[in-house]
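J.: First, the structure itself, so that you have it in front of you.
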Amino acid sequence: MDKRFQPQTAEASIYQLWLKHKLFKPKDRGRRFSLIMPPPNANGSLHIGHALFVTLEDIMVRMARMAGYSTLMLPGVDHAGIQTQVVFERLLAKKSKSRFDLGYQTFYQACFKFCQDQKETIISQFKKLGVSADWDRLKFTLDPDIIDVVLETFVKLHQDGLIYRKDRLVNWCPRCQTVLSDLEVEHKDLKDKLYYVKYPLVDKPTEFIVIATTRPETIPADTAVAVNPDDKRYKKYVGRQVMVPLINRPVPIIADEAVEIKFGTGAVKVTPAHDPVDFDIGQRHNLKSIRAIGFDDEMTSLTGELVGLSKTKARPLAIKQLDKLGLLVKVEEINHSVGHCERCKTRIEPMVSLQWWIKIRPLAQEAVKAVNQGKIKFVPIRFKKQYLNWMSQIKDWCISRQIWWGPKIPAWYCGFDALSPLQQMMNPNLKGNKGCGHIVVSKAKPKKCPKCSNPNMIQDPDTFDTWFSSSQWPMTTLGFNYRQPTDDFKAFYPTTIMETGYDILYIWVARMIMMGLYMTGQVPFKTVYLHGLIRDDSGQKMSKSKGNVINPIEIMDKYGTDALRIALIIGVGQGEATSVGETKIKAGRYLANKIWNASRFVFLIGQKSNLVAKDYTDLKDSQYKDIWRQHELFLKDYEKEVNKYRFGQASDKLRHQFWHRFCDKTIEDLKDRAYNQDLVAISLLLSLLRDYLALFHPFMPFVTEAVWQVFRQDERFSLIFPTELVAEFKYPIKLDY
RNA sequence: GGAGCCGUAGCUCAGUUGGCUAGAGCGUUUCGUUGACAUCGAAAAGGCCGCAGGUUCAAGUCCUGCCGGCUCCACCA
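Written out as structure tokens, the structure is:
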């Protein structure tokens, strides 16, 4: 046995050994355990967050496999719609190109190629981490069979009245040139200015109502001024009219609950086209929606003298003019939170636009019911509350995007005029298509318009929110379809555990539950395990700009994969942030080293002895029965931790037991007798070591396998080490899924 | 405005349904090993478990309030 374990040279061949034994394939028999890997985005390489989640998953999977479950870990990769498009556009920008320079076809193909390359990279990195997934079942969100089901789901939702197309207020990202769902918008607190502006009364132009606004450039789009119905100051004005400054258009003064009496002057300008609250007020009071800012970020023709200006230039001009007219009362500093694009950090422009929406309430109802009935367990439990809280206030989900990267929405339009105004603007090349305006939702392109027989229906140029396809991931990856369940689906659905980060509880987990129930009538997974974020040594969030990121690849090269894996897991509370730094990783390497050396010692002593295969002794009746009993007590305790998914605690206890009980006590106590050919002592050491190797294996698969292989080479140990791979050894504890 | 979390050794953090003589890693001190250990072992120092009340035979653990930090959600003009 070598004096040291060399992860750098040993790991790759150990991984090959597992593949050779088809270890990662589910066995035919036994109870089933399945875990669908959250697909990493195919637009970058492995970071420490990937390492954490995939390690946690691999631990659960390896434990289940060792405990005798027919175990499937299904890997996948995500095309990651808007995120990938932003990443790829940045690459293009370095060559001074935009997606429009390439055109849709070329862009799509180049992006596809880019994703394929990234996919290969990340898969090889996952293998380096020791991930025991069944790579033959690897899925990509753009695989034809996956897209097929996703499209069908859209059609079915539409048939069931759960998808509709409507003009509503959306989040428009001027940089990405697409709308976003609410969950893709980040709110940041910003210092801004609050302008107090006089609106003259129509019937008495010497009298004014003063409103407060942060966006004077949208004044031309005002269609009302609103006050709170209980505000005594303004009671006499309600029902009368004011003149909108800059364009001199009369608008009504209305009363609405949404207006806060205490804020500003208690009177607010209502701009339904550019503000979510105002949009709702507009709906309630049947107000017109006038657009001041176009999707091109320029002021529209309805904005008087501001027309044609960019919105940033329009504001100072508006202020200047108001001031000149003597209508600007004062300016105050204000702190308020403003939405930004999660991907490119550009400030969101609220707009009214015709988009596809999912009517979410009916789906949410079922998803809440399932959780309340205990069909899905949350680990840690506190996320159940967060889930329920979110679901109770959920809003309809906008699923159409104007980006190019991703599958297109299966809606077909008879003629250019049926497209939304935004789509018309963005797709002038389709302009020649004439038609009756009919819309068909179907997976395949209709041969002709069912109404007017036009043979050239055009497809909706928009793509799906990438999360629409992700929300169906557990179903699509297992081969679900709307006709006949596949073998994998029958065998492994619902999956046992969904492990992912708590930061995508709403955007992904909640939606998978809704879609799973909708598509199959069953929950997609029985347990949700949510892990926390990774921080550095001093508890800081890792970020490139702070320069405190840890590159898992470098760590693995330097300290070995096992050191990284155990450092990410040991002693970490459930769902809590993990602090990882070089010292913790070193501690991991020490542990790997300790495992190797303890094994080496036992191996050498065993080799020197007269031990032969038949010398295995029943330890429960030996003079060492107390040691064995203590070991069994530990196993019980350990079993409890693992069944509660407390891997941080479990691995900590395991380390302690192994190091300070087995190495420091048991080995030391039995050393002399073992040297003196006490075969019972030797087989005791061997038996204990074998259990420790098995227990450590899910956490530190490489060093444990390497040791196991050494023992396998000597047939004298074959009764105690009865299987070829440590992973095939009967796990000394029971798991209950 | 709503929801959730955290505050335990110098640092980063564990501590499950209340039973703790409060733990780990790293760091510090002393001694010992270098024939399993790019070390390892034995021992030690170091904690009003944020603060104040309450429940209890018993509270780091449950309840209330306060102080400090964080996260998420929300229609703060």
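Take 929 as the starting number for the first sequence in the numbering used here and just add one per residue.
In this text, a Cβ means the ideal position worked out from N, Cα and C, and glycines have one as well.
1) Under 8 Å, with one C-beta from each stretch per pair, do the region 994-1009 and the region 960-972 reach the 3-pair mark?
2) Assess, as a yes-or-no matter, whether the region 1475-1490 is touched by the region 1448-1460 under the definition of 3 or more beta carbon pairs within less than 8 Å.
3) Check the C-beta distance from residue 1100 over to residue 933 and give it rounded, since I have them as a contact under 8 Å.
4) Using the C-alpha atoms, what's the distance from residue 1010 back to residue 1043?
5) From residue 1013 to residue 1027, what distance separates their C-alpha atoms?
6) Could you compute how far the alpha carbon of residue 1119 sits from the alpha carbon of residue 1381?
7) Taking only the alpha-carbon atoms, compute the straight-line gap between residue 1123 and residue 1250 and give it to the nearest angstrom.
8) Could you tell me which of 1031, 1041, 1485 and 1431 sits nearest to residue 1459, measuring between CA atoms?
9) Quick one: grab the DSSP three-state call for residue 1428.
10) In chain order, what residues of the same chain lie with their CB nearer than 7 Å to the CB of residue 1423, ignoring the 5 residues before and after it?
11) Run through the region 1075-1114 for me and flag every whole beta strand (DSSP E) of 3 or more residues, listed as ranges in chain order.
12) Cβ of residue 1538 within 8 Å of Cβ of residue 1605?
13) Can you pull the DSSP bridge partners for residue 1124?
14) Quick check: the Cα distance between residue 1542 and residue 1564, rounded to an integer number of angstroms?
15) Per DSSP, residue 1182 forms a beta bridge with which residues?
16) Please state whether DSSP places residue 1005 in a helix, a strand or coil.
17) Need the endpoints of the alpha helix (DSSP H) that residue 1492 sits in, please.
18) Which residue's Cα is closest to the Cα of residue 1464: 986, 1363, 945 and 1513?
19) Does residue 1377 come out as helix, strand or coil in the three-state DSSP assignment?
20) Check whether the region 1076-1088 and the region 981-994 touch, using three or more Cβ-Cβ pairs below 8 Å as the test.
21) With a cut-off of 8 Å on the beta carbons, I'd call residue 1242 and residue 1145 a contact; round off their distance for me.
22) Return the CA-CA distance between residue 1504 and residue 1461, expressed in angstroms with no decimal places.
23) Relative to the C-alpha of residue 1517, which residue among 1054, 1103, 1205 and 1630 is closest?
24) Mind checking who residue 1486 pairs with in its DSSP beta bridge?
25) On a CA-only basis, which of 994, 944, 1395 and 931 is nearest residue 1110? Give me that one, please.
26) Among residues of its own chain, excluding the 5 on either side of residue 969, which ones have a beta-carbon nearer than 7 Å to its beta-carbon?
27) Whole angstroms is fine: what's the gap from residue 1158's alpha carbon to residue 1167's?
28) With distances taken between CB atoms, is the gap from residue 1421 to residue 1291 smaller than 8 Å?
29) As a quick exercise: from 1089, 1268, 1127 and 1053, pick the residue whose alpha carbon is nearest that of residue 1254.
30) Does the structure place the region 1631-1639 close enough to the region 971-978 that three or more beta carbon pairs sit under 8 Å?
31) Taking only runs of the alpha helix (DSSP H) that begin and end inside the region 1395-1471, which ones reach a length of at least 4 residues, in chain order?
32) I'd like to know whether the C-beta atoms of residue 1498 and residue 1557 end up nearer to each other than 8 Å.
33) Assuming residue 1652 contacts residue 1086 (C-beta within less than 8 Å), just tell me the rounded distance between them.
34) Ignoring anything shorter than 4 residues or poking outside the region 1526-1608, list the alpha helix (DSSP H) runs there in chain order.
35) Looking at the structure shown, is residue 1033 part of a helix, part of a strand, or coil, going by DSSP?
36) Run through DSSP, which three-state label would residue 1117 get?
T.: If we stick to the structure as given:
1) yes
2) no
3) Along the first sequence, read from residue 1 onward, the residue named residue 1100 stands at position 172. Along the first sequence, read from residue 1 onward, the residue named residue 933 stands at position 5. About 56 Å separates the two Cβ atoms, so there is no contact after all.
4) In the first sequence, counting from the first residue as 1, residue 1043 sits at position 115. In the first sequence, counting from the first residue as 1, residue 1010 sits at position 82. Rounded to the nearest angstrom, the two C-alpha atoms are 13 Å apart.
5) Taking the first sequence and counting its residues from 1, the one referred to as residue 1013 is at position 85. Taking the first sequence and counting its residues from 1, the one referred to as residue 1027 is at position 99. Going from the Cα of residue 1013 to the Cα of residue 1027 covers about 9 Å.
6) If you number the first sequence from 1, residue 1119 lands on position 191. If you number the first sequence from 1, residue 1381 lands on position 453. Going by the C-alpha atoms only, they are around 57 Å apart.
7) The residue you call residue 1123 lines up with position 195 of the first sequence. The residue you call residue 1250 lines up with position 322 of the first sequence. About 10 Å.
8) Looking up residue 1459 in the first sequence gives position 531. Here the closest residue by C-alpha is 1431.
9) For the purposes of this step, residue 1428 is taken as the residue at position 500 of the first sequence. Strand, per DSSP.
10) Within the first sequence, the letter at position 495 stands for residue 1423. Answer for residue 1423: 962, 963, 964, 1402, 1452 and 1453, listed in chain order.
11) 1091-1101 and 1106-1108
12) Walking along the first sequence from the start, residue 1538 turns up at place 610. Walking along the first sequence from the start, residue 1605 turns up at place 677. Yes, these two residues count as a Cβ contact at 8 Å.
13) Residue 1124 sits at position 196 when you count from the first residue of the first sequence. In DSSP, residue 1124 forms a bridge with 1140 and 1258.
14) On the first sequence, residue 1542 is found 614 positions in, with the first residue counted as 1. On the first sequence, residue 1564 is found 636 positions in, with the first residue counted as 1. Whole-angstrom Cα-Cα distance: 29 Å.
15) As a working note, residue 1182 is residue 254 in the first sequence. According to DSSP, which records beta bridges pairwise, residue 1182 is partnered with 1154.
16) Working through the first sequence from its first residue, we reach residue 1005 at position 77. Strand.
17) Here residue 1492 refers to the residue found at position 564 of the first sequence. Its alpha helix (DSSP H) spans residues 1489-1497.
18) As a first step, residue 1464 is located in the first sequence; it is residue number 536 there, counting from the start. Measuring from the Cα of residue 1464, the nearest candidate turns out to be 1513.
19) One-based indexing of the first sequence puts residue 1377 at position 449. In the structure shown, residue 1377 sits in coil (DSSP, three-state: anything other than H, G, I, E or B).
20) no
21) As a working mapping, residue 1242 is identified with position 314 in the first sequence. As a working mapping, residue 1145 is identified with position 217 in the first sequence. Right, their Cβ atoms sit about 4 Å apart.
22) Within the first sequence, residue 1504 is the residue found at index 576, counting from 1. Within the first sequence, residue 1461 is the residue found at index 533, counting from 1. Taking the straight line joining both Cα atoms gives about 7 Å.
23) Counted from its first residue, the first sequence places residue 1517 at position 589. For the residues 1054, 1103, 1205 and 1630, the minimum Cα distance to residue 1517 belongs to 1630.
24) By one-based count along the first sequence, residue 1486 stands at place 558. Residue 1486 is not bridged to any residue.
25) If you number the first sequence from 1, residue 1110 lands on position 182. Taking only the C-alpha atoms, the option nearest residue 1110 is 1395.
26) For the purposes of this step, residue 969 is identified with residue 41 of the first sequence, where counting begins at 1. So the qualifying residues of the chain are 1006, 1008, 1011 and 1012.
27) Position 230 of the first sequence, counted from the first residue, corresponds to residue 1158. Position 239 of the first sequence, counted from the first residue, corresponds to residue 1167. Answer to the nearest angstrom: the Cα atoms are 14 Å apart.
28) Position 493 of the first sequence, counted from the start, is the residue given in the question as residue 1421. Position 363 of the first sequence, counted from the start, is the residue given in the question as residue 1291. No, the Cβ-Cβ distance between residue 1421 and residue 1291 is not below 8 Å.
29) On the first sequence, residue 1254 is found 326 positions in, with the first residue counted as 1. The shortest C-alpha separation from residue 1254 is found at 1127.
30) no
31) 1401-1405, 1415-1420 and 1439-1448
32) What you label residue 1498 is simply residue 570 of the first sequence in a count that begins at 1. What you label residue 1557 is simply residue 629 of the first sequence in a count that begins at 1. No, they are not a contact pair.
33) For this step, residue 1652 is matched to residue 724 along the first sequence. For this step, residue 1086 is matched to residue 158 along the first sequence. So it is not a contact: roughly 53 Å between Cβ atoms.
34) 1553-1571, 1575-1584 and 1596-1603
35) By 1-based counting over the first sequence, the position of residue 1033 is 105. In the structure shown, residue 1033 sits in a helix (DSSP, three-state: H, G or I).
36) Indexing the first sequence from 1 puts residue 1117 at position 189. Residue 1117: strand per DSSP, three-state reduction.
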